[in-house]
Amino acid sequence: MISARGLGRRFGSKRVLRDLDLEVRSGELLLVTGPNGSGKSTLLALMAGLLAPTEGEIEVDLPRGRIGYLAHEALVYKELTALENLDLYGRLYHVPERRETIGALLERFGLWESRHQRVGSFSRGMQQRLALCRVLLHGPELLLLDEPYSGLDASARTLVDDVLAESGGSRTLVVASHEPEHVRPLATQALALA
Amino acid sequence: MISARGLGRRFGSKRVLRDLDLEVRSGELLLVTGPNGSGKSTLLALMAGLLAPTEGEIEVDLPRGRIGYLAHEALVYKELTALENLDLYGRLYHVPERRETIGALLERFGLWESRHQRVGSFSRGMQQRLALCRVLLHGPELLLLDEPYSGLDASARTLVDDVLAESGGSRTLVVASHEPEHVRPLATQALALA
Amino acid sequence: MTYFADVAALARKDILLELRSRDTLPAMLLFVVSALVVFHFSLPSDASAAASTGLLWIALLFTALLGLGRAFAAEREQRVLDGLVLAPCDRSAIWLAKCLGVLVFLGVAEAVALPAYALFFEPVGWELVAAVVLADLGLAAVGTLLAAMAAASRARELLLPLLFLPLVIPVVVGGVGATVVDDPARYLGFLALYDLIFAILSWASFEYVVAE
Amino acid sequence: MTYFADVAALARKDILLELRSRDTLPAMLLFVVSALVVFHFSLPSDASAAASTGLLWIALLFTALLGLGRAFAAEREQRVLDGLVLAPCDRSAIWLAKCLGVLVFLGVAEAVALPAYALFFEPVGWELVAAVVLADLGLAAVGTLLAAMAAASRARELLLPLLFLPLVIPVVVGGVGATVVDDPARYLGFLALYDLIFAILSWASFEYVVAE
Amino acid sequence: MSLRNNRAVVLAAAASVLLVAGLALALFWAPEDADQGFSQRIFYVHVPIALTAYACFGWGAWKALRLLWTREPRYDLESYTAVHMGVIFGILTLVTGSIWAKISWGVWWTWSERQLTLFLVLFLFYCAYFMLRFSVEPGPRRANLSAVYALFGVALIPVSFLAIRLAENFIHPVVFTRDGPQMSGSMFVVFCVCLAAMLGLFASLYTNELAGKRLDARLRELREALE
Ligand code: HEM
Ligand SMILES: Nc1ncnc2c1ncn2[C@@H]1O[C@H](COP(=O)(O)OP(=O)(O)OP(=O)(O)O)[C@@H](O)[C@H]1O
Ligand SMILES: Nc1ncnc2c1ncn2[C@@H]1O[C@H](COP(=O)(O)OP(=O)(O)OP(=O)(O)O)[C@@H](O)[C@H]1O
Ligand SMILES: [Mg+2]
Ligand SMILES: [Mg+2]
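This is how it looks when you write it as structure tokens:
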């Protein structure tokens with residue numbers, strides 16, 4: 000599913016990743032750990048195709064539309080409501096039965112009540128929940144999750160746990176996290192950056 | 000130090016906090032917990048004076064300059080370097096021996112190497128570390144910490160633990176967190192919002 | 000036809016955003032109206048028709064610039080542009096939708112400016128309207144691409160006019176020419192040619208501007 | 000005197016931010032030259048001196064809008080404005096520093112634009128310089144306050160452009176008047192009065208705009 | 000490596016020989032112009048420089064296209080170097096042209112010559128190219144942005160040319176008329192030698208600068224590897 004050979008990325012003169020070889024097969028869960036600034040987010044952005052490698056190469060053999068990428072930011076319009084944001088993404092991803100899918104997701108992540116509220120006025124945890132909805136909306140086959148637990152309360156954490164557990168085998172996952180205890184039991188591979 | 004009576008806050012028609020009574024004495028540590036969207040950040044912003052209550056009242060008998068407020072965002076200029084940002088805040092807070100204080104803080108939080116880097120290109124954890132430096136810079140007597148652990152790696156977490164521990168008694172603390180295990184042993188009061 | 004469905008979804012969102020936050024259009028209206036007021040005060044009553052047309056074109060150009068400067072403001076917060084780039088739609092659809100949004104704003108600004116111009120200065124002929132429409136197309140096409148470029152840079156607000164002005168000088172020439180000269184067809188043709196060339200170029204190269 | 004130390008620290012930061020994008024001055028120069036080329040192509044050769052004065056004022060207004068639009072851009076990201084508001088300095092110091100920043104920006108732009116104008120169009124008289132300086136003060140004072148309103152989202156309802164229009168048109172009319180009419184003293188006096196009133200108003204009310 | 004070096008040396012030698020020959024021919028061999036006299040000889044410098052500037056911009060755009068096509072990062076440096084050279088030759092054109100204008104028309108600048116105005120527009124355009132480059136962080140994104148803008152440049156040249164021809168109908172009438180290139184045979188030969196010299200100069204400067212910049216990058220990498 001994902002294969003990298005000699006992968007490296009520099010920002011200006013700063014070298015963040017270097018000479019990384021990687022092979023993630025379909026259905027695996029790769030756990031990425033490492034201290035702050037070690038390049039976890041950079042790696043996930045490379046996998047998502049948002050950044051291009053400056054050395055080596057990386058290949059993801061899935062079309063863009065089958066990937067879900069959860070970043071540190073929510074990647075939604077602050078001035079639109081939760082519903083409007085998901086509706087936009089639903090249209091762009093050509094989600095079948097958009098209304099129902101969105102409704103179910105909002106319900107599941109506890110945002111149904113706030114669906115008509117401006118995202119800019121969401122609390123941090125609510126924004127993270129919305130970002131999760133956005134990522135899951137189109138049922139991606141590859142999920143790239145950058146610190147999925149951040150800002151979430153206990154109940155939302157178990158929701159993420161469920162997402163990870165239910166994907167087991169059917170979906171490829173790459174998870175970067177500072178709280179690897181939740182993820183480790185499910186991981187089939189682990190990558191520790193330094 | 001902080002006292003609230005019948006405190007309430009609404010945003011438009013949405014009621015976030017209601018009828019809250021609170022008394023935090025000097026040297027205490029108040030732990031604030033609650034699910035996403037329960038109003039933890041709102042409460043801390045009220046204490047910091049960034050928001051005004053819509054009902055009841057809240058009093059903090061300290062001047063602005065003696066308070067340190069850690070928000071979800073880092074409250075620093077993305078286009079300036081870490082050093083320049085801290086220097087600005089140091090000047091505004093009239094920190095004595097600015098240079099040395101800033102240097103020591105950056106060293107402590109592992110940002111000394113990156114001090115000349117644009118904050119906008121910091122990783123999330125590095126931004127959180129910088130935000131902690133900013134908050135501690137002027138040696139505040141009251142620290143309002145909104146999810147201080149978020150985005151930090153294991154080593155930085157122990158740094159925050161240290162900050163909490165060394166404040167014991169000498170400094171008043173209000174900490175909102177989704178990981179209360181770290182904070183609970185030190186807390187003298189706990190407030191669970193719903 | 001999913002391409003046009005994508006464009007429609009994106010353009011719909013732009014209109015919605017503007018209705019929600021009312022950031023761009025009021026500024027454009029303000030600018031174009033005050034520009035006309037200033038010109039009204041500063042042009043002597045016996046100034047030639049050509050002079051006032053030239054001023055009108057300058058006012059329109061800068062109004063467009065003002066609108067373009069904010070075209071990607073909403074996308075810059077929270078890195079939404081990355082979200083759109085990751086969606087499976089063709090990236091040029093993002094450009095096309097933004098173009099349509101800019102065109103709508105320009106259209107509204109001109110729907111105010113042209114009658115005001117007719118009121119303050121002189122009647123508006125069909126060739127002026129045709130030239131304005133054709134010029135709008137070119138300005139929106141090139142401008143949207145350049146606005147995306149400027150948004151990716153550090154000095155965005157300052158950069159856009161610098162990138163934009165040298166590229167649109169031909170539009171000004173065509174527009175002024177079409178309204179001043181007796182035989183506007185040649186100039187209108189030139190404007191149409193400009194639109195065609197640069198619309199295709201912008202359409203084809205937008206992908207490289209928003210993705211690495 | 001800590002008040003002025005605070006203002007200095009804040010203004011220093013604005014300059015630093017400006018220098019970070021390093022190319023402000025060359026950008027201004029380029030902008031002015033590009034704008035002149037555009038003017039060249041849109042103005043017929045027989046345009047009067049008054050028309051070119053009008054153009055100059057429109058260019059200045061546009062530059063001011065550009066500068067004000069980005070005045071709080073850096074503060075809007077990452078909620079820095081809240082950080083400044085929490086600092087122990089008087090809030091009006093934030094306004095004053097930002098005003099100075101905007102004035103420096105405008106001053107630099109005009110230091111480039113006025114000589115260029117003199118070179119390409121007609122000599123610049125003392126009354127034009129006086130009018131520009133007075134107008135700058137007013138634009139910066141009012142504009143900074145309104146830009147802060149737009150940036151502090153809690154004051155979102157108070158729409159910047161809708162207020163800016165009626166507030167700023169007098170400045171522009173005064174400025175054009177001072178340069179076009181034979182007896183500029185009356186207009187200059189009007190501009191000075193305007194500056195005084197609105198500077199005091201803005202200085203006093205800034206606190207309420209940025210903090211609840 | 001040594002092959003490259005050889006090529007650079009050969010290019011530099013050829014360019015300098017041609018340059019000396021061209022200047023000598025222009026100064027001593029070319030016939031005196033009937034109505035402009037000696038000052039006309041600047042023509043042999045001015046016009047080849049102007050044409051070389053266009054060649055640079057074209058070469059830069061070609062490399063830009065290659066970059067977008069193949070996504071090979073090295074084309075970014077090549078395209079940038081070519082545009083950079085173009086701007087240098089552009090400044091030389093402006094300077095030599097202005098001197099000539101001062102001598103033969105008595106003014107440093109006039110709006111009424113279409114080549115001049117066109118050149119000014121292009122010059123502004125490429126200044127903006129530099130601004131763009133300097134305000135984006137180095138990396139693949141900057142390469143793409145610069146390449147797209149450089150491509151717009153070559154589209155702009157013919158369009159602006161057309162626009163400026165059209166503008167002459169309503170802006171100032173053409174004050175100074177010239178009859179096209181009516182050169183005598185010997186004049187044409189000299190002109191061609193000078194043009195070849197300028198193009199050679201460009202090629203030589205271009206390879207040199209590229210080699211230098213590549214060396215810089217290599218050095219930086221080595222230093223990093225040592226750390
Ligand atoms: C600032 C820029 C320039 C100035 C001031 C300038 C000035 C002049 C002058 C004074 C002449 C002599 C005119 C005459 O023979 O009476 C001339 C000739 C010429 N210039 Fe330029 N020039 C400039 C830019 C350019 C550019 C960009 C080109 C581009 C191709 C160019 C191409 C030529 C050519 C081909 C001639 C010869 C025309 C003839 O055969 O008479 N010049 N220029
Ligand atoms: N645009 C950029 N310019 C310069 N440096 C950058 C840029 N983006 C990232 N970096 C640097 O790359 C390094 C890795 O960043 P990245 O965000 O990948 O770290 P991370 O592992 O996700 O850290 P965290 O756990 O804090 O999120 C950091 O040192 C950061 O400063
Ligand atoms: N400006 C605003 N306008 C409208 N509602 C708001 C605004 N700010 C906050 N809210 C609402 O107030 C509620 C509380 O927000 P707050 O940020 O205090 O929650 P929180 O407890 O910090 O949550 P989290 O754990 O997710 O950070 C949320 O429901 C949020 O939607
Ligand atoms: Mg990260
Ligand atoms: Mg919160």
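Residue numbers (numbering that gives the first Met the number 0), protein chains in the order written: chain U, 0 to 193; chain C, 0 to 193; chain F, 0 to 211; chain X, 0 to 211; chain W, 0 to 226.
Idealized CB from N, CA, C, for every residue including glycine.
For residue i, the first and last residue of its enclosing beta strand (DSSP E)
i, result
"F201/W", "Premise fails: F201/W lies in the alpha helix (DSSP H), 184-225, not in any beta strand (DSSP E)."
Residues sharing a beta bridge with residue i, DSSP
i, result
"Y68/C", "L143/C"
"Q188/C", "L29/C"
"S2/C", "E22/C, E58/C"
"T80/U", "R117/U"
"R9/U", "R14/U"
Residue i: CB within 8 Å of a non-hydrogen atom of ligand 4
i, result
"G124/C", "yes"
"E72/C", "no"
"D145/U", "yes"
"K39/U", "yes"
Residue i: first and last residue of the uninterrupted alpha helix (DSSP H) it sits in
i, result
"K39/C", "39-47"
"R94/W", "Going by the sequence as given, residue 94/W is Val instead of Arg. Run containing V94/W: 73-103, per the alpha helix (DSSP H) assignment."
"A103/U", "97-107"
"R185/X", "184-209"
"I228/W", "With chain W represented from 0 up to 226, any question about residue 228/W goes unanswered, as that position is not in the structure."
"V46/W", "42-69"
"V125/X", "This sequence places Trp at residue 125/X; Val is not what is there. Note, W125/X: alpha helix (DSSP H), 125-150."
Close beta carbons around residue i, own chain, < 7 Å, minus the five adjacent residues each side
i, result
"A48/F", "E121"
"R9/C", "V15, T53"
"G124/U", "G150, L151, D152, A155"
"E216/F", "It is not possible to answer for residue 216/F, since the shown part of chain F is limited to 0 through 211."
"L144/W", "L131, V135"
"G119/C", "K77, E78"
"L200/X", "none"
"W58/W", "A81"
Neighbourhood of residue i by C-beta, 8 Å cutoff - its chain only, sequence neighbours within 5 removed
i, result
"V84/F", "R90, I93, V209, A210"
"R170/U", "G26, P139, E140, L141, L142"
"F121/U", "A81, S113, L129"
"S204/X", "L144"
Cut-off 6 Å between Cβ atoms - residues of its own chain near residue i, not counting five sequence neighbours on either side
i, result
"S203/W", "L10, A11, A14"
"Y186/F", "G173, G176, A177"
"A117/X", "V123"
"G89/W", "A52, F122"
Residue i CB to nearest heavy atom of ligand 3 below 8 Å
i, result
"P34/C", "yes"
"H137/U", "no"
"R114/U", "no"
"F108/U", "no"
"L29/F", "no"
"S149/U", "no"
"R170/C", "no"
"S120/U", "yes"
heavy atom of ligand 5 below 8 Å from residue i C-beta
i, result
"A3/U", "no"
Ligand 2 heavy atom lying under 8 Å from the CB of residue i
i, result
"A175/C", "no"
"V15/U", "yes"
Which complete beta strand (DSSP E) runs does the region 145-187 of chain C hold, if anything under 3 residues is left out?
Whole beta strand (DSSP E) segments, 3+ residues: 171-175.
Let me know the alpha helix (DSSP H) ranges lying completely inside the region 78-123 of chain F, each 4 residues or longer, listed in chain order.
79-85, 90-119
If we require 4 or more residues per run, which alpha helix (DSSP H) segments fall completely within the region 18-67 of chain X?
23-41
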